[in-house]
Amino acid sequence: MPISPLPQRAGNPFLRVHLCFLAVFLFSAFLTVHEAIELKNNYEDRQRAQLAEIQKNLDSQFQESIDELTYYERMLNYALMHPLDSSQTREAITRFQQLRQQKTWQLKLASLRSMPLNGVSDSWLMRDPLLQRSSDHINAELRAAMEFSFIMQFSDPGQDFHSRFWYISRAGFFISSRPPQSPQELIESYTTMTERPYFRDQAPNNPQRGRLRWSEAYQGEFKEGLMMTVSTPIVSNGYWYGVLSMDFTQTRILALMTEARHSLPQGKLLMVDRSLNEITRLHAPDDETLTPGQQARLEAQIREQPAGVMRLGTQFASWSKLKNMDAYIVNIQSLRQGMSQELGRVSLFLFSMWLLFVLLLLVAHQVIIRLVRRMVDLSAKLTWRANYDGMTRLLNRNAFFEQFVALAAHSQQQHKPIAVIQLDVDHFKNVNDTWGHAAGDQALMRVAGVISRTLRKYDVAGRIGGEEFCIVLPETTLADAQAVAERIRIRLAAKTILVNCNSTFNITLSAGVTGSEEQGDYHAESLQATADRRLYLAKTGGRNRVVAED
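To convert, note that position 334 of the sequence shown is 1265 in my numbering; the numbers rise steadily by one, no gaps.
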């Protein structure tokens, strides 16, 4: 319940000055803000349109690959539902039974226009419970895979946008548009593929399973660099056979972005995956890097909105989620790059004119504020002198009793106790007569210092006479106030005052204490009179003591 020791001035002396200048500032800003907003909206629309053009080109290319993957998926599912029974497929199944125990094997039909099946042994599959060769499904899958291998021949890694196309079977084999070149590469490829999320996440019991699932950016196993993979599960009659997948390397994505961008937006253009890991980027000559804080803000906004724009310090970012790939296109343009455009130059001129006016307004504001501050400082000094005792820096008599009355009324309203301590320095006249008035002044300052260090921040103390002090303690019982007075008395008695290098003296005080609970009264004059009467009892009773009862 802190109450300031000084009465508060009505109103803020700076408020009217600030309001006047604020009105002028708002009037000047209003003349430019409409045009500024229009320029900003035009700039954002331009950034969105440019990014949409790039997104359209990228989505078109990815759509071709996704359509191809969908076509292959349908063909493989059809082959599983309607397996081809021919002498070649029966020969292939017989050959598989001979090879299945080998650590690595390749199975290929006599036709040159088919891709080989690359597999591992039965014992190797026992390492992973997700992999199995079901006797009920393996023959149908082998027939479908051999038929599917004919289709794989039409895949051209040199011409296709995707760098590699796979069928990865749970039964321990795979078909690839880029067949392994050695047994070691074969087993490393199958091990890596079956451990990747794009394979394992397509298991039937996985809630994250989806018809088309994109991986995050990752480093390829065989020096392909950074890449992403899209996969789709192959399920027939409720049985999960494996996944079809396509790989897209950073190099090919970068080439596509370069072709799609042309000269549309300035600044750096990035592609990031769903976890906002960078896949690739196109730099502009004068790109600026984002701070960690700006990067975090941008990533938070991208996660919340599939498309948008935002300002990052002196840079402007726009982003959009690709429709046919689980990734985002992000364009970040610096202020310098934006200012080089026509809209930027117009904005710069508009801002410069407004800034010049604001600078002149600020100069005038500061001049007037300094004048007002000097007047306030002078008023504060006069107020302090009117309310405080210059020697002890405690409240003087008038200010003290003004605060005393306010505290007593507040305590009465809150039904909380209030206590009063009346203090007087013992034999103060002897101090002046013996050591001089300078020593007396030191004694009074010492008493005031002890009082100030003992009290709480919302207690009120004042010098109400020559060597007489009074303290008001809100929310304090008589017993607690007596303890406070006793601490002040003990601390003061322990202090030694230095007169000169050869002389010191000690002073003591006497105190009278009363409280509203004891008196049943909150009247300030009545409480002070009771405390003064008990002070007199302490004086006549030998001094250097505290009296809390009549």
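Beta carbons are placed, not taken as given, at the ideal position from N, Cα and C, and that holds for glycine. From a predicted model like this one, the values you see are computed outputs, not experimental measurements.
Option in the options with minimal Cα separation from residue i
i: residue 1152; options: 1116, 1165, 1470, 1075; result: 1116
i: residue 1181; options: 1357, 1149, 1347, 1175; result: 1149
i: residue 959; options: 1167, 1143, 1262, 1283; result: 1283
i: residue 1418; options: 1262, 1249, 1440; result: 1440
i: residue 1468; options: 1458, 1119, 1479; result: 1479
i: residue 1178; options: 949, 1097, 1399, 1415; result: 1097
i: residue 1336; options: 1169, 1373, 1130, 1457; result: 1457
i: residue 1105; options: 1024, 1460, 1244, 1073; result: 1073
i: residue 1324; options: 1293, 1384, 1360, 1084; result: 1384
i: residue 1272; options: 978, 954, 953, 1315; result: 978
i: residue 1359; options: 1326, 1399, 1331, 1205; result: 1399
i: residue 1251; options: 1173, 1203, 1328; result: 1203
i: residue 1007; options: 1278, 1076, 1307; result: 1076
i: residue 1066; options: 1259, 1172, 1119, 1210; result: 1172
i: residue 1255; options: 1168, 949, 996, 952; result: 996
i: residue 1266; options: 1218, 1222, 1430; result: 1218
i: residue 1287; options: 963, 944, 950, 951; result: 963
i: residue 990; options: 1258, 1376, 1024; result: 1258
i: residue 1461; options: 1474, 1446, 1473; result: 1446
i: residue 1190; options: 1212, 1205, 1109, 1276; result: 1212
Residue i (DSSP reduced to helix, strand or coil)
i: residue 1213; result: strand
i: residue 1457; result: helix
i: residue 1096; result: strand
i: residue 1084; result: coil
i: residue 1238; result: strand
i: residue 1427; result: coil
i: residue 939; result: Because the pLDDT of residue 939 is 48, which lies under 50, any placement of that residue in the model is unreliable, and the question is left without a value.
i: residue 1153; result: coil
i: residue 1128; result: helix
i: residue 1442; result: strand
i: residue 1473; result: coil
i: residue 1321; result: coil
i: residue 1001; result: helix
i: residue 1271; result: coil
i: residue 1407; result: coil
i: residue 1432; result: coil
i: residue 1385; result: helix
i: residue 1399; result: strand
i: residue 1040; result: coil
i: residue 1059; result: coil
i: residue 1350; result: strand
Buried versus exposed call for residue i [16 or more other C-beta atoms within 10 Å across all chains shown]
i: residue 1471; result: exposed
i: residue 1160; result: buried
i: residue 1154; result: exposed
i: residue 1449; result: buried
i: residue 1481; result: exposed
i: residue 1421; result: exposed
i: residue 1246; result: buried
i: residue 1364; result: exposed
i: residue 1121; result: buried
i: residue 1390; result: buried
Integer Cβ distance of residue i from residue j, believed to fall under 8 Å
i: residue 1253; j: residue 1092; result: With a Cβ gap of about 14 Å, residue 1253 and residue 1092 do not count as contacting.
i: residue 1103; j: residue 1062; result: 6 Å
i: residue 1094; j: residue 1026; result: Incorrect: roughly 30 Å between the Cβ atoms, too far for contact.
i: residue 1350; j: residue 1412; result: 3 Å
i: residue 1201; j: residue 1261; result: 4 Å
Spatial distance of residue i from residue j (CA atoms)
i: residue 1339; j: residue 1393; result: 15 Å
i: residue 1070; j: residue 1192; result: 49 Å
i: residue 972; j: residue 1176; result: 42 Å
i: residue 1463; j: residue 1353; result: 6 Å
i: residue 1164; j: residue 1141; result: 8 Å
i: residue 1128; j: residue 1146; result: 7 Å
i: residue 981; j: residue 1230; result: 21 Å
i: residue 1451; j: residue 1345; result: 14 Å
i: residue 1021; j: residue 1028; result: 11 Å
i: residue 1403; j: residue 1356; result: 18 Å
i: residue 1361; j: residue 1476; result: 19 Å
i: residue 974; j: residue 1239; result: 13 Å
i: residue 1016; j: residue 999; result: 26 Å
i: residue 1397; j: residue 1382; result: 16 Å
i: residue 1143; j: residue 1083; result: 20 Å
i: residue 936; j: residue 1318; result: At residue 936 the pLDDT is 44, less than 50, meaning the model places this residue with poor confidence and gives no usable figure here.
i: residue 1058; j: residue 1051; result: 12 Å
i: residue 952; j: residue 1430; result: 57 Å
i: residue 945; j: residue 1243; result: 34 Å
i: residue 1234; j: residue 1308; result: 53 Å
i: residue 1285; j: residue 957; result: 11 Å
Any non-hydrogen atom of the ligand ATP within 8 Å of residue i CB
i: residue 1175; result: The ligand ATP is absent from the structure shown, which contains no ligands of any kind.
Short CB-CB distance (under 9 Å) between residue i and chain B
i: residue 1321; result: Of the protein chains in the structure, only one exists, and it is not chain B.
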